[in-house]
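S.K.: Here the protein sequences come in this chain order: A and B.
In terms of the numbering used here, the first sequence opens at residue 11 and continues consecutively.
In terms of the numbering used here, the second sequence opens at residue -17 and continues consecutively.
All C-beta atoms, glycine included, are put in the ideal place defined by N, C-alpha and C.
Values in this document were obtained by computation on a predicted structure and should not be read as measured data.
Quick one: this structure, given as structure tokens, is what I'll be asking you about.
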Amino acid sequence: MKKHSGKGIAIRLYSIYLPTLIFILFAVFPAYWMLVSSLQREGNLYIWPPRIMPDFTQFHVFQRLFTTQPIALWLKNSLIISLGVACLSVLFAIPAAYAFSRFRFRGSSVMQLLLLLSQMVPSTVIIVPLFILFRNWHLLNTYASLILADTAITAPITVWILKVFFDTIPTEIEEAALIDGCTPWNVLRYITLPIAVPSVVTGFTLSFFEAWNEFAYALTFANDQQMWVTSVGMASWIGWLTTPVEIMMSGALFFAIPSVVLFLVLQRYLVSGLAAGAVKQ
Amino acid sequence: MPRKRPFPSKNSRVQKRIWPQFLPYILTTPIILFTVVFVLYPMFQSVIISFYDSRSLLPQANDYAGLKNYVWLFTSPSTLITLRVTLFYVVGTVICSVSLGLVAALLLNVPYRGRGLARAAITVPWGTPLVASALIWFWMFDPQYGVINYFLYLLHLTPQSIQWLITPQWALLSVILVDVWRIFPFGAIVLLTALQAVPANLYDAAAVDGAGSLSKFFHVTLPSIRPSLAITMLLYTIWGMKRFDTIWVLTQGGPLDNTSVMAVQIYREAFRNFRIGRASALAVVGTILSLIITFFYFRKELNHEKA
Chain A
11 MKKHSGKGIA
21 IRLYSIYLPT
31 LIFILFAVFP
41 AYWMLVSSLQ
51 REGNLYIWPP
61 RIMPDFTQFH
71 VFQRLFTTQP
81 IALWLKNSLI
91 ISLGVACLSV
101 LFAIPAAYAF
111 SRFRFRGSSV
121 MQLLLLLSQM
131 VPSTVIIVPL
141 FILFRNWHLL
151 NTYASLILAD
161 TAITAPITVW
171 ILKVFFDTIP
181 TEIEEAALID
191 GCTPWNVLRY
201 ITLPIAVPSV
211 VTGFTLSFFE
221 AWNEFAYALT
231 FANDQQMWVT
241 SVGMASWIGW
251 LTTPVEIMMS
261 GALFFAIPSV
271 VLFLVLQRYL
281 VSGLAAGAVK
291 Q
Chain B
-17 MPRKRPFPSK
-7 NSRVQKRIWP
3 QFLPYILTTP
13 IILFTVVFVL
23 YPMFQSVIIS
33 FYDSRSLLPQ
43 ANDYAGLKNY
53 VWLFTSPSTL
63 ITLRVTLFYV
73 VGTVICSVSL
83 GLVAALLLNV
93 PYRGRGLARA
103 AITVPWGTPL
113 VASALIWFWM
123 FDPQYGVINY
133 FLYLLHLTPQ
143 SIQWLITPQW
153 ALLSVILVDV
163 WRIFPFGAIV
173 LLTALQAVPA
183 NLYDAAAVDG
193 AGSLSKFFHV
203 TLPSIRPSLA
213 ITMLLYTIWG
223 MKRFDTIWVL
233 TQGGPLDNTS
243 VMAVQIYREA
253 FRNFRIGRAS
263 ALAVVGTILS
273 LIITFFYFRK
283 ELNHEKA
């Protein structure tokens, strides 16, 4: 064990703790400001200098948010779509990523290039053709249209994440199992997937957020107000500018909290799982 | 006593010979089909629309205009502006996000008490939904009551309040700041994961060889996390090329085209000017440019893997 001298502590302070603190402030301050700006008495946001502490007597702003805005409906729509997208992406991605990582086959790199290529197409480029397609299929203003369109964005990302992870898992165990007569399907099911759970969770989480965030498709394919997702609904506040700032901020807070919390919870599990995987290796 | 094997059945040898050949195709077909239907086919239709001078959602046969939209694209000064803004925006976001992400990952890789909390705090922006972050930064950038101008005032940095999103020289930087804030945690997490997977014995070996911490970083850490670094940069570049939402919500491409990156310009052309043909022409050219960049990246990475 190293002895902690005074000089060593000073070095750690300036080289690690202080920079980390700056990073934390940069990352968290806007979220804090969202809280401060939502918990303010009406009109207190338009004074100089700004109040830098939240006013904890103002929690009824959330009541105002839910009574004056149809945000419960928007959140429900967002949740259904995001869960659908996340499940579908993982289902598509696991087999494909496994194939790309484990097998050398004709067309492998062409297919990977194709998936990568699909990632480069901005939604605004294909939004008109997709609109026509969904109209022909009578899918406009349904959850299905948004789940399908969003999954086309998220599934290839998930493949990429899983493939990189599968690549780091040594093939020896799988080869041993194959020699012992295990079928490729059972190798994937009982050996590779359990090790890869953290990366599957990563893919699921990222897909969920991508759909939770999605804006352009949601605006175009679900213009019926009953089908509005949260991002579209809240963007309409910016357009009108008649919504009070504290309502806008409390809405943003409500929209952000589930995704931030879910992400933090999963991330703990995810990183410890990944670390364990690395140790096994 | 010979061990009994559970799996081999009578035709297992046949299976083994047939499966490994067809299996990869069975595994990859669903996602490939899905991508073709919902991305490539619409993309192909965009190419067709780009040859029509259409003012409605459904191009009519008599709208056919040949290369008119492309001629407009290559002679219009706004194309050059779009390219310049996109380049500045993408390069700026990628460099800033990767550097911040790498530094954050290195800091978080040092074990100390409360590190989990620091890690959680740094990942907050990544979990914050796009429209929520746009709303909060829109309010923080407010020239009159915004907290950013308040801080600058406290530090005596500016004589008067800055109109962040309305002034040409600040708007693009402001938008870049918002996006760097949103995406740098992604790089931090990916790179931290990679850092933790670097085998400790490599560092021990380097230490035995008398390597200092800088030398360890360049000869052990950097080569080990290279694949993750490459993936992070690639994803940042792709996201940057197609970024639409943040910019649209914050500035709608303004002031005076100063933040009108490719995707925003396409959207403006299609849904503001209702020139779907021109928008598609711009989309086609932009996609080809992105493709070229990715192709070179992909080839380089493949060569790297083979080596």
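#1: Helix, strand or coil, according to DSSP, for F127/B in the structure here?
#2: Output, in chain order, the set of chain A residues within a Cβ distance shorter than 8 Å of F120/B.
#3: Name, please, each residue of chain A whose Cβ falls closer than 8 Å to the Cβ of A167/B.
#4: For Q129/A, which residues in the same chain have their Cβ closer than 6 Å to its Cβ, ignoring the five residues on either side in sequence?
#5: Across which residues does DSSP place Y46/B in a beta bridge pair?
#6: Leaving aside the five residues before and after F113/A along the sequence, list all residues of the same chain whose C-beta is less than 7 Å from its C-beta, in chain order.
#7: Mapping DSSP to helix, strand and coil, what is D292/A?
#8: Return the residues of the stretch 130 to 161 of chain B that lie within a Cβ-Cβ distance of less than 7 Å from chain A, sorted by chain order.
#9: Check each candidate in E256/A, L85/A, W43/A and L75/A and name the one with the smallest Cα separation from S269/A.
#10: Whole angstroms is fine: what's the gap from G259/B's alpha carbon to S36/B's?
#11: Can you pull the chain A neighbours of Y127/B, defined as C-beta to C-beta under 8 Å?
#12: On a CA-only basis, which of G235/B, P6/B and V18/B is nearest P150/B? Give me that one, please.
#13: What does T105/B touch in chain A if you count any residue whose Cβ is under 8 Å from its own?
#14: Taking C-beta pairs closer than 7 Å, name the residues in chain A that Q27/B reaches, listed in chain order.
#15: With a 10 Å radius around its C-beta and 16 neighbouring C-beta atoms as the bar for buried, classify M44/A as buried or exposed.
#16: Have a look at A245/B, I14/B and L139/B and flag the residue whose alpha-carbon is nearest the alpha-carbon of S118/A.
#17: Between K198/B and chain A, is there a C-beta pair that is closer than 8 Å?
#18: Would G287/A be called buried (16 or more neighbouring beta carbons within 10 Å of its own) or exposed?
#19: Which residue wins for smallest C-alpha separation from A154/A, given the options V169/A, I205/A and A221/A?
#20: Using 8 Å as the threshold, is the C-beta distance between P237/B and I148/B below it?
#21: Report the three-state DSSP secondary structure of D234/A (helix, strand or coil).
#22: Please state the DSSP three-state secondary structure of F69/A.
#23: Which complete alpha helix (DSSP H) runs does the stretch 100 to 170 of chain A hold, if anything under 4 residues is left out?
#24: Is the Cβ-Cβ distance between T203/B and V172/B less than 8 Å?
#25: Quick one: what does DSSP say S242/B is sitting in, helix, strand or coil?
#26: If you draw a straight line from the C-alpha of A106/A to the C-alpha of F4/B, how long is it?
#27: The alpha helix (DSSP H) with F219/A in it runs from where to where?
#28: In chain B, which residues lie with their C-beta within 8 Å of the C-beta of F265/A?
#29: Listed in chain order, which residues of the stretch 84 to 101 of chain B have Cβ atoms closer than 9 Å to some Cβ of chain A?
#30: By the three-class DSSP mapping on this structure, what secondary structure does A266/A have?
#31: How is H138/B classed by DSSP in three states: helix, strand or coil?
#32: How close, in whole Å, do the beta carbons of T30/A and L89/B come, if the pair is a contact with beta carbons under 8 Å?
#33: Which residues in chain A have a C-beta closer than 8 Å to the C-beta of I207/B? List them in chain order.
#34: Determine the direct distance from the alpha carbon of L62/B to that of I104/B, and round the result to whole angstroms.
#35: Which residues in the same chain have their Cβ closer than 6 Å to the Cβ of P194/A, if we skip the five residues on either side of it in sequence?
#36: Whole angstroms is fine: what's the gap from L55/A's alpha carbon to Q145/B's?
M.R.: Quick look at the numbers:
#1: It is Tyr, not Phe, that sits at residue 127/B in the sequence shown. Coil at Y127/B, not helix or strand.
#2: I248
#3: Reading off the sequence shown, one finds Pro at residue 167/B, where the question assumed Ala. Going along chain A in sequence order, the residues near P167/B (Cβ under 8 Å) are A37.
#4: These residues qualify, in order along the chain: P166.
#5: Y34/B
#6: none
#7: Only positions 11 to 291 of chain A appear in the structure, and residue 292/A is not among them; the question remains open.
#8: Those residues of the stretch 130 to 161 of chain B that come within reach of chain A (Cβ to Cβ, closer than 7 Å) are Y132.
#9: L85/A
#10: Whole-angstrom Cα-Cα distance: 6 Å.
#11: L55, Y56, I57, W58 and P60
#12: G235/B
#13: A37, F273, L274 and Q277
#14: P139
#15: buried
#16: I14/B
#17: no
#18: Residue placement at G287/A is poorly supported in this model, since its pLDDT is 34, which falls under 50; the coordinates still yield a value, given next. Around the C-beta of G287/A, 16 or more other C-beta atoms lie within 10 Å, and the residue is accordingly described as buried.
#19: A221/A
#20: yes
#21: Coil, per DSSP.
#22: coil
#23: 118 to 130 and 133 to 146
#24: no
#25: coil
#26: 13 Å
#27: L203 to N223
#28: P111, V113 and A114
#29: V85, A86, L89, L90, V92, Y94, R97, G98, L99, A100 and R101
#30: helix
#31: It is coil, neither helix nor strand.
#32: 5 Å
#33: What I207/B touches in chain A: nothing, since even the nearest Cβ is about 12 Å away.
#34: 37 Å
#35: Excluding residues within five positions, none has a Cβ falling inside 6 Å.
#36: 18 Å
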